[in-house]
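Peer 1: Chains as they are written, first to last, in UniProt numbering: chain P, 1 to 330; chain F, 1 to 330.
We put the CB at the ideal spot given by N, CA and C, even for glycine.
Since we're looking at a predicted model, the values are computed, not measured.
Before I ask anything, here is the structure I am working with.
Structure below.
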């Protein structure tokens, strides 16, 4: 067993062990090791998003394995690229951890990144990063994508008459979060090593909370189908639908029976479907003329409602109050 | 006086005040507000680098104003883009701060970013970001650049016979750091509000440590002049020259008289020139045929030595031991 810490081996040795675990990427012209990387942007544009995960606010080391953290950091960024209709080409990763962290934990993190990329966005590479130290784990990922000549699908394009669909799951991550919180409370605040893993083995909601698989390939497919507006559901269906409604100056009218059918199929509560975030489903509006498939790029498509003239989000005609997640007031 | 904290006003109001302070950018197609941004990459490639500043390891709130932090975060990233020979097009900024932070401090941060960009890379925009909370200030910037059809200048291109030059200052930031540390020790560990500002007013080295002006426009100019290898001196001349030497399989032979003349001109010690980082000068190797100018894009150029067959870094023929900065062992 290799119990060396970062402080034991130093930065060069950490990089020597960390970098080879990461995928190179099909679009990479100059990878890690120089002042900057160079990445192909074949159509003369690139899509970019950034997302940070901080210990405490966004992650708990008694819940997530290092593999989970790498996977989840990839998922949340890849989902935002997909939500524009783009194909992810590359990531850069800044990672700061305590000096006492084991080198093998960083290797597991790199493997989680690599496995997440392989599962969600094969061909995407890690082209650079920044390793540092912090008292609490800090993960900042920036992701890039290629629109392949197509227009980006914004939040603002929904039109009255469009159908409102979700691709992927809703409410499972929040349900899993609830179970992890309950188990932690029962354990006196902190889970024992291995406990989260055992919970996840028996419970898909916990698995999805710890290592969500975003329907990344569905993003460009939905764009090609004519998606008029799209976003990654990271804060909950009601809140994220309200963003589409506001940006599009339209109403998103959700159908209660469809929401309940999805909740039943996924084994979660209606409230979880409406307000749970972080499954990283894609919320998309599609023109009425389209024959809706049941799956897009392997992920389930569920019709949830329709775009109407008006504003806000309704459920069976009644306004739905979005439950905001405000990091400054949480 | 507006003493509202982030927790008082919430995320939407913070964004409403923060975003308008940031430059849009000439290359921006879709800016902040959607899942991701879209940026022009006219020659079908983009350059990307990421750099994180963490309270404690990289920044101190008793030294740096919020304006300084924004400026410095821009400078360190823009310098890495310039060191590839590219023109910066855009940045994304992830910022996590305590909830008790004043909204006006975030406004000062945005103004520092904007002012740093205006001074170093006019036309560059802030296209996205991520605001969150953390016990200690966390700033993760990712920057993008455009090579305008030229080859990237890597660390690996130095050839025997090339001249070794620095563009910008060396050793001033480290000298300023030393003075801030001394003043802090004298003050019992922490500087009083306003003390760092007063030190900086009288001392260019302190100013450069807190808010360095990287010679960003010199990067593409040096590339166009035929620069064979280039990097941003972030860890000190000796260590960064050793990186060029290793990547290029060559020796960087520094001239003691030239180093001493530069030290005298800048009013710092030889050791500071050799081993001080964070001025963000560009270290460049240029073919012997070039008539060296005294300035490049407004920044002073100093010839410091020559590339020879061999390995490592020498000063007047004697090996120079690079003094490593290892974040995991510091």
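1) Quick check: the region 28-43 of chain F against the region 97-113 of chain F, are there 3 or more CB pairs under 8 angstroms?
2) Any beta carbon from chain P within less than 7 angstroms of residue 44 of chain F's own beta carbon?
3) Cutting at 7 angstroms between CB atoms, please list the residues of its own chain near residue 135 of chain P, excluding the five before and the five after it.
4) Output the boundary residues of the beta strand (DSSP E) element that contains residue 50 of chain F.
5) Going along chain P, which residues have a C-beta under 8 angstroms from residue 172 of chain F?
6) Going by C-alpha to C-alpha distance, which of P:142, P:116, P:115 and P:121 sits closest to residue 127 of chain P?
7) Say whether chain P places a C-beta atom closer than 7 angstroms to the C-beta of residue 279 of chain F.
8) Would you mind sorting residue 58 of chain P into buried or exposed? The rule is 16 or more other CB atoms within 10 Å of its CB.
9) Using the beta-carbon of each residue, which ones in chain F are nearer than 7 angstroms to residue 326 of chain P?
10) Please check if any C-beta of chain P sits within less than 7 angstroms of the C-beta of residue 213 of chain F.
11) Can you tell me which residues form a DSSP beta bridge with residue 283 of chain F?
12) Classify residue 220 of chain P as helix, strand or coil using the three-state DSSP reduction.
13) Are there three or more Cβ pairs, one per stretch, closer than 8 angstroms when the region 269-277 of chain F is compared with the region 172-192 of chain F?
14) From residue 49 of chain F to residue 77 of chain F, what does the alpha carbon distance come to, in whole angstroms?
15) At the level of alpha carbons, what is the spacing between residue 200 of chain P and residue 206 of chain P?
16) Please name the residues in the region 227-259 of chain P whose beta-carbon is closer than 7 angstroms to at least one beta-carbon of chain F, in chain order.
17) Can you list, in chain order, the residues of its chain with a C-beta nearer than 7 angstroms to that of residue 178 of chain F? Leave out the 5 residues immediately preceding and following it.
18) How would you call residue 291 of chain F, buried or exposed, if buried means at least 16 neighbouring beta carbons within 10 angstroms?
19) Let me confirm a value: residue 251 of chain F is counted as buried when at least 16 other C-beta atoms fall within 10 Å, else exposed. Which label applies?
20) For residue 225 of chain F, which residues in the same chain have their Cβ closer than 8 angstroms to its Cβ, ignoring the five residues on either side in sequence?
21) On the three-state DSSP scale, how would you describe residue 90 of chain P?
22) Interface residues of chain F around residue 51 of chain P at Cβ under 7 angstroms?
23) How many whole angstroms separate the CB atoms of residue 229 of chain P and residue 154 of chain P, which I take to be in contact at a CB cut-off of 8 angstroms?
24) What did DSSP end up calling residue 208 of chain F once you bin it into helix, strand or coil?
25) Tell me where the alpha helix (DSSP H) around residue 100 of chain P begins and ends.
26) Can you give me the start and stop residues for the alpha helix (DSSP H) that residue 263 of chain F sits inside?
27) Please state the DSSP three-state secondary structure of residue 244 of chain F.
28) Measuring CB atoms only, is the region 60-71 of chain P touching the region 108-120 of chain P, in the sense that at least three cross pairs come out at less than 8 angstroms?
29) Going along chain P, which residues have a C-beta under 9 angstroms from residue 83 of chain F?
30) Are the C-beta of residue 59 of chain F and some C-beta of chain P separated by less than 7 angstroms?
31) What residue does the beta strand (DSSP E) around residue 301 of chain F start on, and which one ends it?
32) Which class does residue 34 of chain P belong to by DSSP, given the choice of helix, strand or coil?
33) Can you pull the DSSP bridge partners for residue 128 of chain F?
34) Which of helix, strand or coil does DSSP assign to residue 201 of chain F?
35) In or out: residue 45 of chain F buried (at least 16 other Cβ within 10 Å) or exposed?
36) Mind checking whether residue 307 of chain F and residue 80 of chain F have CB atoms under 7 angstroms apart?
Peer 2: In this structure, then:
1) Judged by Cβ distances under 8 angstroms, the region 28-43 of chain F makes no contact with the region 97-113 of chain F, as fewer than three pairs qualify.
2) Taking the second chain and counting its residues from 1, one reaches residue 44 of chain F at position 44. Yes, contact with chain P.
3) Looking up residue 135 of chain P in the first chain gives position 135. For residue 135 of chain P, where only same-chain residues beyond five positions count, the Cβ hits under 7 angstroms are 98.
4) In the second chain, the residue the question calls residue 50 of chain F occupies position 50. Where residue 50 of chain F is concerned, the enclosing beta strand (DSSP E) starts and stops at 45-54.
5) As a working note, residue 172 of chain F is residue 172 in the second chain. Within chain P, no residue comes near residue 172 of chain F; the closest Cβ sits about 20 angstroms away, beyond 8 angstroms.
6) By one-based count along the first chain, residue 127 of chain P stands at place 127. Per the Cα distances, P:142.
7) By one-based count along the second chain, residue 279 of chain F stands at place 279. False, the Cβ-Cβ gap to chain P never drops below 7 angstroms.
8) Indexing the first chain from 1 puts residue 58 of chain P at position 58. Burial check for residue 58 of chain P: the Cβ neighbour count within 10 Å reaches 16 or more, so the residue is buried.
9) For the purposes of this step, residue 326 of chain P is identified with residue 326 of the first chain, where counting begins at 1. Neighbours of residue 326 of chain P in chain F, taken as residues at a C-beta separation under 7 angstroms, are given in chain order as 10 and 11.
10) By one-based count along the second chain, residue 213 of chain F stands at place 213. So, not an interface residue.
11) Here residue 283 of chain F is taken as the residue at index 283 of the second chain, counted from 1. BP columns for residue 283 of chain F point to F:166 and F:231.
12) Residue numbering aside, residue 220 of chain P sits at position 220 when the first chain is read from its first letter. Judged by DSSP in its simplified three-state form, residue 220 of chain P adopts helix.
13) The region 269-277 of chain F, when compared against the region 172-192 of chain F, does touch it at the 8 angstroms Cβ threshold.
14) For the purposes of this step, residue 49 of chain F is identified with residue 49 of the second chain, where counting begins at 1. For the purposes of this step, residue 77 of chain F is identified with residue 77 of the second chain, where counting begins at 1. Straight-line Cα distance between these residues: approximately 7 angstroms.
15) For the purposes of this step, residue 200 of chain P is taken as residue 200 along the first chain, with counting starting at 1. For the purposes of this step, residue 206 of chain P is taken as residue 206 along the first chain, with counting starting at 1. Residue 200 of chain P and residue 206 of chain P have their alpha carbons spaced roughly 5 angstroms apart.
16) If the cut-off is 7 angstroms between Cβ atoms, the region 227-259 of chain P has 231 and 232 near chain F.
17) Translated into positions along the second chain, residue 178 of chain F becomes position 178. For residue 178 of chain F, where only same-chain residues beyond five positions count, there are no Cβ hits under 7 angstroms.
18) Along the second chain, read from residue 1 onward, the residue named residue 291 of chain F stands at position 291. That one is exposed.
19) Sequence index remark: in the second chain, residue 251 of chain F carries index 251 (1-based). Buried: at least 16 other Cβ atoms inside 10 Å.
20) What you label residue 225 of chain F is simply residue 225 of the second chain in a count that begins at 1. The residues are 286, 290 and 296.
21) For the purposes of this step, residue 90 of chain P is taken as the residue at position 90 of the first chain. Residue 90 of chain P falls in the strand class under three-state DSSP.
22) The residue labelled residue 51 of chain P in the question sits at position 51 within the first chain. Under the 7 angstroms cutoff, chain F gives 130.
23) As a position in the first chain, residue 229 of chain P is number 229, starting the count at 1. As a position in the first chain, residue 154 of chain P is number 154, starting the count at 1. 7 angstroms between Cβ atoms; contact.
24) Within the second chain, residue 208 of chain F is the residue found at index 208, counting from 1. Helix.
25) By one-based count along the first chain, residue 100 of chain P stands at place 100. In the DSSP annotation of this structure, residue 100 of chain P is not part of any alpha helix (DSSP H), being labelled neither H nor E.
26) Stepping through the second chain from its first residue, residue 263 of chain F is reached at position 263. 256-266 is the span of the alpha helix (DSSP H), which, as asked, contains residue 263 of chain F.
27) Position 244 of the second chain, counting from 1, holds the residue named residue 244 of chain F. In the three-state reduction of the DSSP assignment, residue 244 of chain F falls in the helix class.
28) Judged by Cβ distances under 8 angstroms, the region 60-71 of chain P makes contact with the region 108-120 of chain P, as three or more pairs qualify.
29) Within the second chain, residue 83 of chain F is the residue found at index 83, counting from 1. 34, 35 and 36, listed in chain order.
30) What you label residue 59 of chain F is simply residue 59 of the second chain in a count that begins at 1. By the rule that beta-carbons nearer than 7 angstroms mark a contact, residue 59 of chain F does not touch chain P.
31) Residue numbering aside, residue 301 of chain F sits at position 301 when the second chain is read from its first letter. Here the beta strand (DSSP E) through residue 301 of chain F covers 299-308.
32) On the first chain, residue 34 of chain P is found 34 positions in, with the first residue counted as 1. DSSP places residue 34 of chain P in strand when its eight states are reduced to three.
33) Here the question's residue 128 of chain F lines up with position 128 in the second chain. In the DSSP output, where bridge partners are listed per residue, residue 128 of chain F has F:92.
34) Taking the first residue of the second chain as 1, we reach residue 201 of chain F at position 201. Residue 201 of chain F: helix per DSSP, three-state reduction.
35) For the purposes of this step, residue 45 of chain F is identified with residue 45 of the second chain, where counting begins at 1. Residue 45 of chain F comes out buried.
36) Within the second chain, residue 307 of chain F is the residue found at index 307, counting from 1. Within the second chain, residue 80 of chain F is the residue found at index 80, counting from 1. When the beta-carbon positions are compared, residue 307 of chain F and residue 80 of chain F stay at least 7 angstroms from each other.
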